[in-house]
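Single-structure report; data block below.
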Amino acid sequence: MEYSVCRQHGVALVGPDPAELIGEVPTEWLLEVGATQLKEWQAREFEPMYGDLMVFTACRIWRLATEGRHCSKTAAAEWVLTRQPALNVVRAAVERRTQDSDVDLREEQVRALLAMVLDQLA
């Protein structure tokens, strides 16, 4: 994943552009790794301290699957909200990140988002 991000968004301070130095990583590989991570989270006991990570990762994977590009956590969540404005768990995660909100991320909503993204990948 990191090589793909560097290739797509990296900026050379000296020397060749990162896209010239780093080989292309097939999007299918990235989505396979992403799906594996989401499935692992689905199989584990929910840990609230990782709720934000789960939500933002799911949003980033969804956007990568749809547009083939990487973006920041907040940008991915905002992109998801333009498509699914009723996803309150995504809105809550953005508020927690950008407004230092202490609103809780509900387990059932986080798990529903993970399942929704896995369905998108299937």
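Residues in the sequence shown are numbered from 730 upward in steps of one, following our numbering. C-beta atoms are modelled at their ideal positions from N, C-alpha and C, and glycine is treated no differently.
Judged by beta-carbon spacing, Val762 lies beyond the 8 Å limit of Val839, meaning their Cβ atoms are not closer than that value. Separation of Glu837 and Leu847 (C-alpha to C-alpha, rounded to the nearest whole angstrom) is 15 Å.
Residue environment: Leu742 is assigned as exposed (fewer than 16 neighbouring CB atoms within 10 Å of its CB, all protein chains considered). Gly739 and Glu807 have their alpha carbons spaced roughly 22 Å apart.
In this chain, the alpha helix (DSSP H) harbouring Arg792 covers Gly780 to Glu796. Counting only the Cα atoms, Arg773 lies some 23 Å from Trp758.
Annotation for Met845: the continuous alpha helix (DSSP H) segment containing it runs Glu836 to Leu850.
By a beta-carbon distance limit of 8 Å, Thr756 contacts Leu793. Their separation comes to about 7 Å. By the CB criterion at 8 Å, Val819 and Val809 fall inside the cutoff. Secondary structure within the stretch 748-779: the alpha helix (DSSP H) runs of 4 or more consecutive residues, fully enclosed, are 756-772 (chain order). Exposure of Val832 is indicated by the presence of fewer than 16 other C-beta atoms within 10 angstroms of its C-beta.
Short of 7 Å from the beta carbon of Thr803, and not among the five residues preceding or following it, lie these beta carbons of its own chain, in chain order: Val823, Arg826 and Thr827. Here Leu842 is buried. Its C-beta has 16 or more other C-beta atoms within 10 Å.
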